[in-house]
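In the numbering used here, the protein residues as written are 36 to 222. The beta carbon of each residue, even a glycine, is placed where N, CA and C say it ideally should be.
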C-alpha cells in the first residue's frame, strides 16, 4: 500500500455534533471547501479504522485556524473541550461562533469524567474563547447564509493576514548585501 501525503488542513472546525453537525457546521465545511480551502471535519476527513485522537490532534496541530462552534451542549462533551484546549495551547487563531448560546453561558458540566488537571485546562481554554471576538447566531431567527458567509470571510481574511505576516518575516530574514563604501580620508 502506498503512503499518500495528506496536506494539512487550513481550518479545524471544532463543534458539538449533536447540536450543529447537520446544520451550521456542514454548511460551513461545504462553503470553505468550495472556496478551495481545506477544512477538517471529523465525519468528512476520517474513515473507519482511523485513530480518533491521533487524527484529530494531528489536524489541530497542523491547521492554521480553528473555528469553534459553541452550542448549548458543547460543554458536555469531553471531545469538544479537549479539542478547544489543544487549539488554544497550540496558539492557533480561533474564530468562535456562538450558536444559540451566549459566551457567559459556557460552563463545564463535569460528571466525574475529567481529572482536576483537565478541568483546569478546559476552564482556561473556555475563558480564552469567551473573551475572543466572534460571531453570534440564533438558529431560529438568524440567516444561515449570512453567518456562513461571515465566518468564511473572516477565515479567508485571517489566512491572508497570516500569509502576509509569514512573507514579511521571511523578507526580514534575508541578509542585506554589504555595501561597498569607500571611506574618503579627510586631511
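query	result
Three or more C-beta pairs below 8 Å linking the segment 113-130 and the segment 158-165	yes
Residue 119, DSSP secondary structure in three states	helix
Own chain partners of residue 90 with C-beta closer than 7 Å, once the 5 adjacent residues on each side are dropped	81
Buried/exposed call for residue 150, threshold 16 Cβ in 10 Å	exposed
Residues bridged to residue 170 (per DSSP)	132
Bounding residues of the alpha helix (DSSP H) (the contiguous stretch that carries residue 95)	87-97
Cβ contact (3+ pairs, closer than 8 Å) linking the segment 39-53 and the segment 172-186	no
Delimiting residues of the alpha helix (DSSP H) encompassing residue 183	179-208
Exposed unless 16 or more other CB atoms sit within 10 angstroms - verdict on residue 106	buried
Residues bridged to residue 49 [DSSP beta-bridge criterion]	103
Whole-angstrom C-beta distance between residue 132 and residue 94, which should lie under 8 Å	The Cβ separation is near 18 Å, so there is no contact.
C-beta contact flag for residue 101 and residue 136 at 9 Å	no
Reduced DSSP category for residue 74 - H, G, I as helix; E, B as strand; rest coil	strand
Residue closest to residue 108, alpha-carbon to alpha-carbon, out of 119, 118, 99, 143	143
Pick from 182, 195, 204, 191 that is closest to residue 60, judged by C-alpha positions	182
Anticipated Cβ contact below 8 Å, residue 74 with residue 45, distance rounded	7 Å
Beta-carbon separation (whole angstroms), residue 170 vs residue 99, contact threshold 8 Å	Not really, about 19 Å apart at Cβ, beyond 8 Å.
Where the alpha helix (DSSP H) containing residue 61 begins and where it ends	61-69
For residue 37, three-class secondary structure by DSSP	A caution first: residue 37 carries a pLDDT of 40, below 50, which makes its placement in the model unreliable, though a value can still be read off. If DSSP states are grouped into helix, strand and coil, residue 37 belongs with coil.
Residue 57 to residue 103 span [Cα, whole Å]	15 Å
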